[in-house]
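Trainee: The opening residue of the sequence shown carries number 498 in the working numbering; numbering runs sequentially from there.
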Amino acid sequence: MTDVMINQNTSVQGSDGDWTLTSDQMVFMLRHHNAMLAAYQTDDLDFLRALAQSEDYAAVFGTMSFDEAYDRYEFSSI
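Shown next as structure tokens:
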């Protein structure tokens with residue numbers, strides 16, 4: 498899998514040490530799971546950028562970078 502940097506101002510772990518997603522954030526990631534996986538596998542950076550810049554993403558994640566959101570999502574499935 499190729500690493501994608503959408504926003505360089507990222508941290509994997511929140512300031513309080515909590516790596517969890519809210520239920521709304523998890524639902525968003527699950528809803529887009531197959532599309533994100535396909536985009537990573539085919540290096541479709543345009544799709545990932547569009548998703549990260551979408552109004553739906555901003556409504557759920559606020560200012561959290563896509564990289565951090567995806568890292569938290571991956572961490573939650575360990």
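For each residue, glycine too, the CB sits at the ideal point set by N, CA and C.
(1) Could you check what DSSP says for H617 in three-state terms: helix, strand or coil?
(2) What did DSSP end up calling S512 once you bin it into helix, strand or coil?
(3) Would you call E552 buried or exposed, if buried means 16 or more other Cβ atoms sit within 10 Å of its Cβ?
(4) If you draw a straight line from the C-alpha of Q538 to the C-alpha of T519, how long is it?
(5) Determine the direct distance from the alpha carbon of D564 to that of F558, and round the result to whole angstroms.
Mentor: Put simply:
(1) Past the boundaries of the shown model lies residue 617; the chain is included only from 498 to 575, so the question cannot be answered.
(2) Because S512 carries a pLDDT of 48, less than 50, the predicted location of this residue cannot be relied on, and the following value inherits that uncertainty. S512 falls in the coil class under three-state DSSP.
(3) exposed
(4) 26 Å
(5) 11 Å
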